[in-house]
Each structure stands twice: as structure tokens, then as C-alpha cells.
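>
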Amino acid sequence: MEIDGLADRILNGDRRALARAITLVESGRADHRAQATELLAQLAGLERQALRIGLSGTPGVGKSTFIESFGMMLIGLGLRVAVLAVDPSSARSGGSILGDKTRMERLSRERAAFIRPSPSQSHLGGVARRTREAIALCEAAGFDVVLIETVGVGQSETVVSELSDLFLLLLAPAGGDELQGVKRGIMEMADMILVNKADGDLKATATRTCADYAGALRLLRKRPQDPEGFPKAMTVSAVEEHGLEDAWSEIQSLTQWRRDSGHWERNRAVQAQYWFEQEVRSALLSRLSTAPARAEMERLSTEVSHGRISPAAAAEQMLTTLA
Ligand SMILES: Nc1nc2c(ncn2[C@@H]2O[C@H](COP(=O)(O)OP(=O)(O)OP(=O)(O)O)[C@@H](O)[C@H]2O)c(=O)[nH]1
Ligand SMILES: [Mg+2]
Numbered sequence: 001m002e003i004d005g006l007a008d009r010i011l012n013g014d015r016r017a018l019a020r021a022i023t024l025v026e027s028g029r030a031d032h033r034a035q036a037t038e039l040l041a042q043l044a045g046l047e048r049q050a051l052r053i054g055l056s057g058t059p060g061v062g063k064s065t066f067i068e069s070f071g072m073m074l075i076g077l078g079l080r081v082a083v084l085a086v087d088p089s090s091a092r093s094g095g096s097i098l099g100d101k102t103r104m105e106r107l108s109r110e111r112a113a114f115i116r117p118s119p120s121q122s123h124l125g126g127v128a129r130r131t132r133e134a135i136a137l138c139e140a141a142g143f144d145v146v147l148i149e150t151v152g153v154g155q156s157e158t159v160v161s162e163l164s165d166l167f168l169l170l171l172a173p174a175g176g177d178e179l180q181g182v183k184r185g186i187m188e189m190a191d192m193i194l195v196n197k198a199d200g201d202l203k204a205t206a207t208r209t210c211a212d213y214a215g216a217l218r219l220l221r222k223r224p225q226d227p228e229g230f231p232k233a234m235t236v237s238a239v240e241e242h243g244l245e246d247a248w249s250e251i252q253s254l255t256q257w258r259r260d261s262g263h264w265e266r267n268r269a270v271q272a273q274y275w276f277e278q279e280v281r282s283a284l285l286s287r288l289s290t291a292p293a294r295a296e297m298e299r300l301s302t303e304v305s306h307g308r309i310s311p312a313a314a315a316e317q318m319l320t321t322l323a
């Protein structure tokens, strides 16, 4: 693949080039990885910054519907919108990706939109790297907003929040006892809680649920990255397209405050350091799993079991072979 040409086309906002580049960063092949690294290096250091919005919610809460409506509204404002998905479960494969594409039918037809479903069957570490690199590619391609969607199943929210500037939690209208079902750790990550489906019969329940969550948010420890009134809970209806402009305006004021106060840049710097450490860790782990390393591990392990070498000395010996 011609990397120079690809980089130029991405810089011109060419969506097919972007899709090809993401396929490259997703590939497990060593030559593809080398090309991906070269491509990302060529695109590094650009001034272009997208607003990276993480979005999480349990299955069926309306993430896809919300992204479609919210994305269409943003496009109406003249913005370019990319949608990436982080899906840690390999169980959700081809079928649901197709389902998502049809659910985002309007958005997927827009020239100003780019939708990329998550690749099936990758472990969380691989997903994190692939998503991080895909975000960088979308930024290089000039997208203004990158929405990173994940199903709320636990760990994936942490990954997504470590990749975004802002984290939205989409919740459904619910009775009071279900409120406790949202894990505290996930609540603590949220910059905004959006109670979806605030329409028809569910409207009153949604309003009550929203008030409950607003109360719960006030009980959390104050975070330095939040201005007065944040994290905030609001009601929206993705189907009736209510509350989307309000949500966007709150997102913008939060973003502006964080930029002005330096939290924005600091957060990105801390995230970059975090991912650097993660890369080192995962590179070390992958060195441990090569055939010669495994053989050496086994050999040393036997020595340790016979008491011929101490665990610490064996570990040190092992580590020198990895260098
Ligand atoms: N009444 C109402 N229904 C909604 C709204 N948003 C989504 N739904 C419905 O909720 C169901 C699930 O919506 P999706 O957008 O597929 O939800 P999701 O969170 O993407 O679900 P998964 O992809 O399975 O995790 C669909 O039947 C939607 O029509 C809303 O604002 N109001
Ligand atoms: Mg969905």
C-alpha cells in the first residue's frame, strides 16, 4: 500500500482512504502494523483537533438511535461527524453491525459522516489501540466530532473514557431501585447523564429518573475538571429529537470551560502518558508469549520448582532475555 498517497487522501478528508487506513491499524499482520505506524507518524503533529465524545449505555437504551439523531443535528450545524464503536464482546458479530448500519441509515448516507463498526473478536487491549489510532485518523481527516460508542458492560467504559475528552452516559427511564444498578465507578466517569426515551408514556418516568440521577451526581466527590453544575443530568428523546440541541449546548460550554481552564490539554497529556505506559506493558507481554520466551519461561520455572534458583533470580534472568 502506498502510504504517502494514503496520508494525502486522508488529509483531504477522503472517507474511503480513512476506511482503508483503519483497516490497516486493525490488522494483526506485522507488515500492516509497520505501515500503520508509518502512516500515523506522517499524520502526527497536526493542529486539527476533534471533539472526542465517549458514549456508553446498556443494550437497548438507544445509543444507535441517539447517535443517528445527534449526528444528524451536528451535520445540520455544518460539522463533520465520525462514529467509532468499541465492542469488547466477540459475541456481537456481523449481524449487529449490519443492524447498526440500518439504524443509522440517515447518518450513513451523509457525506459529512463516517461510521465505523467495531471489528469483531479483539481483546480489550487491542480494541483500545485500534480505537485510539482510528480516532487519530479521523482527526487527521478533519472530522469535528468523533463519537466513540460502547455497550455498557463494565470495563469498556474505562477504555472509552480514557480515549475521550468528554464522557456521556445514556440511561433509560427506570424505577428508583434500578438507579442503584448503575455502578458508582461508571457514574464517576460521566460528564453528562442523558436519560433517553423522554417521550410518550415514558416522559414522566424519564423526568423523575433524571431528577434521581441529578441527585446522585451531586453526592459524588467534586472533580477539578468540572465547572459549577457539572456533571449534569438531562432528558432527551432520540426518536423525537428532543433535548439534543440543549445537550450539545451544554457539551460546548463544558468544553469551552475546560479549554479555558487548561483541563482540556492536561487531560489529553495525561491520556497520552497513560497509553504510552499501556503500550510498553502490552509490548512486554507480547514478547513473553513468543515461542522462545515461553520455552525459557518453562525451563526457568522447572529450575525454580526444584529449588535450584530463586524465583527472583529466575525472573531477573528471564527479563534479560527479553531485552
Ligand atoms: N420511545 C423511544 N424509544 C427509543 C428512543 N431511542 C431509542 N429507542 C428505541 O429503543 C430500541 C433500542 O434502540 P437502539 O438505538 O438500537 O439501542 P442501542 O443502545 O444502540 O442498543 P444496542 O446496540 O443493542 O446496545 C429501539 O427499538 C429504538 O427505537 C427514544 O428516544 N424514545
Ligand atoms: Mg446500537
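Numbering of the sequence shown is given in the working numbering, commencing with residue 1 and proceeding in unit increments.
In this text, a Cβ means the ideal position worked out from N, Cα and C, and glycines have one as well.
(1) Between which two residues does the beta strand (DSSP E) holding K232 run?
(2) Beta carbon of S235, beta carbon of K203: below 9 Å?
(3) Taking C-alpha atoms, which residue in G71, L40, N267 and R281 lies nearest to R103?
(4) Can you check DSSP and say which residues form a bridge with S56?
(5) Considering Cα atoms alone, identify which of S56, L170 and P224 is closest to N196.
(6) Have a look at A21 and T302 and give me their C-alpha separation to the nearest angstrom.
(7) In this structure, does DSSP put I193 in helix, strand or coil?
(8) Could you tell me which uninterrupted beta strand (DSSP E) segments, each at least 3 residues in length, are contained entirely in the stretch 225-299, listed from first to last along the chain?
(9) Could you pull out every residue in the same chain whose Cβ sits closer than 7 Å to the Cβ of H32, ignoring the five residues on either side in sequence?
(10) What residues are listed by DSSP as bridge partners for V145?
(11) Given 8 Å as the limit, tell me if P117 has its C-beta closer than that to any heavy atom belonging to ligand 1.
(12) With a threshold of 8 Å (Cβ to nearest heavy atom), would L202 be considered close to ligand 1?
(13) If distances are taken between C-alpha atoms only, which option among R52, A134, Q42 and L51 comes closest to S27?
(14) Does the Cβ-Cβ distance between D87 and T37 come in under 9 Å?
(15) Thinking C-beta only, is N267 closer than 9 Å to D144?
(16) So who's on the other strand from F114, going by DSSP bridges?
(17) How would you label V146, buried or exposed, when you count the other beta carbons within 10 angstroms and need 16 or more for buried?
(18) Taking the alpha carbon of A41 as the reference point, which residue from R308, D8, R29 and R15 has its own alpha carbon closest?
(19) From this set, E47, V61 and Q49, which residue's C-alpha is nearest V239's C-alpha?
(20) Distance, Cα to Cα, S56 vs R281?
(21) Contact defined as beta carbons within less than 8 Å: I believe E105 pairs with Y274. What is the distance between those atoms, to the nearest angstrom?
(22) Return the residue from the list L77, L18, E245 and I67 that minimises the CA-CA distance to G142.
(23) Compare the C-alpha of L244 against each of L220, A269, L194 and G229 and name the closest.
(24) For K183, which of helix, strand or coil comes out of DSSP?
(25) Note the first and the last residue of the continuous alpha helix (DSSP H) segment covering A315.
(26) At a threshold of 8 Å, does E149 count as lining ligand 2 (C-beta to nearest heavy atom)?
(27) What would DSSP say about H306, mapped onto helix, strand or coil?
(28) At the level of alpha carbons, what is the spacing between E277 and Q225?
(29) Using beta carbons (cut-off 9 Å, strictly below), is W248 in contact with chain D?
(30) Have a look at A50, H242 and E110 and flag the residue whose alpha-carbon is nearest the alpha-carbon of F66.
(31) What's the gap between the Cα of R80 and the Cα of A283?
(32) On the CB-based measure, 16 or more other CB atoms within 10 Å of its CB, does Q155 come out buried or exposed?
(33) Taking V160 as part of the alpha helix (DSSP H), name the residues at either end of that continuous run.
Put simply:
(1) As a first step, residue 232 is located in the sequence shown; it is residue number 232 there, counting from the start. Where K232 is concerned, the enclosing beta strand (DSSP E) stretches over K232 to T235.
(2) Your numbering for residue 235 matches position 235 in the sequence shown. Your numbering for residue 203 matches position 203 in the sequence shown. First, the residue type needs correcting, since residue 235 is Thr and not Ser in the sequence shown. Against a cut-off of 9 Å, the Cβ pair of K203 and T235 comes out as a contact.
(3) For the purposes of this step, residue 103 is taken as residue 103 along the sequence shown, with counting starting at 1. For the residues G71, L40, N267 and R281, the minimum Cα distance to R103 belongs to G71.
(4) Here residue 56 refers to the residue found at position 56 when the sequence shown is read from its first residue. Per DSSP, T150 and L169.
(5) Translated into the one-based positions of the sequence shown, residue 196 becomes position 196. It is L170 whose Cα lies nearest to the Cα of N196.
(6) Sequence index remark: in the sequence shown, residue 21 carries index 21 (1-based). Sequence index remark: in the sequence shown, residue 302 carries index 302 (1-based). Distance between the alpha carbons of A21 and T302 is about 45 Å.
(7) As a position in the sequence shown, residue 193 is number 193, starting the count at 1. In the structure shown, I193 sits in a strand (DSSP, three-state: E or B).
(8) 232-235
(9) On the sequence shown, residue 32 is found 32 positions in, with the first residue counted as 1. Closer than 7 Å at Cβ, skipping near neighbours: L24.
(10) Position 145 of the sequence shown, counting from 1, holds the residue named residue 145. V145 pairs with L51 and V81.
(11) In the sequence shown, counting from the first residue as 1, residue 117 sits at position 117. It does not: the Cβ of P117 is nowhere closer than 8 Å to a heavy atom of ligand 1.
(12) Within the sequence shown, numbered from 1, the residue matching residue 202 stands at position 202. Within the cutoff, so yes.
(13) Taking the sequence shown and counting its residues from 1, the one referred to as residue 27 is at position 27. Per the Cα distances, A134.
(14) Locating residue 87 in the sequence shown gives position 87, counting from the first residue. Locating residue 37 in the sequence shown gives position 37, counting from the first residue. Contact flag unset, no.
(15) Residue 144 sits at position 144 when you count from the first residue of the sequence shown. Residue 267 sits at position 267 when you count from the first residue of the sequence shown. No.
(16) Position 114 of the sequence shown, counted from the start, is the residue given in the question as residue 114. The partner list for F114 (beta bridge, DSSP) reads A82.
(17) Counted from its first residue, the sequence shown places residue 146 at position 146. Buried, because 16 or more other Cβ atoms sit within 10 Å of the Cβ of V146.
(18) For the purposes of this step, residue 41 is taken as the residue at position 41 of the sequence shown. Of the listed residues, the one whose Cα sits closest to A41 is D8.
(19) For the purposes of this step, residue 239 is taken as the residue at position 239 of the sequence shown. Measuring from the Cα of V239, the nearest candidate turns out to be V61.
(20) What you label residue 56 is simply residue 56 of the sequence shown in a count that begins at 1. What you label residue 281 is simply residue 281 of the sequence shown in a count that begins at 1. Their backbone Cα atoms lie some 26 Å apart in a straight line.
(21) The residue given as residue 105 occupies position 105 in the sequence shown. The residue given as residue 274 occupies position 274 in the sequence shown. E105 to Y274, Cβ: 36 Å. No contact.
(22) On the sequence shown, position 142 is the one that residue 142 refers to. Taking only the C-alpha atoms, the option nearest G142 is L18.
(23) To locate residue 244, count along the sequence shown from 1; it is residue 244. That would be L194, whose Cα lies nearest to the Cα of L244.
(24) Along the sequence shown, read from residue 1 onward, the residue named residue 183 stands at position 183. Coil.
(25) Along the sequence shown, read from residue 1 onward, the residue named residue 315 stands at position 315. Segment P311 to L322, the alpha helix (DSSP H) holding A315.
(26) In the sequence shown, residue 149 corresponds to position 149, counting from 1. Yes - ligand 2 has a heavy atom lying nearer than 8 Å to the Cβ of E149.
(27) To locate residue 306, count along the sequence shown from 1; it is residue 306. Note: H306 maps to coil in three-state DSSP.
(28) On the sequence shown, position 277 is the one that residue 277 refers to. On the sequence shown, position 225 is the one that residue 225 refers to. Distance between the alpha carbons of E277 and Q225 is about 23 Å.
(29) This model lacks chain D altogether, as it is built from one protein chain only.
(30) Residue numbering aside, residue 66 sits at position 66 when the sequence shown is read from its first letter. Per the Cα distances, H242.
(31) If you number the sequence shown from 1, residue 80 lands on position 80. If you number the sequence shown from 1, residue 283 lands on position 283. Whole-angstrom Cα-Cα distance: 34 Å.
(32) As a first step, residue 155 is located in the sequence shown; it is residue number 155 there, counting from the start. Classification of Q155: exposed, given that the 10 Å Cβ count is below 16.
(33) For the purposes of this step, residue 160 is taken as the residue at position 160 of the sequence shown. Run containing V160: Q155 to L163, per the alpha helix (DSSP H) assignment.
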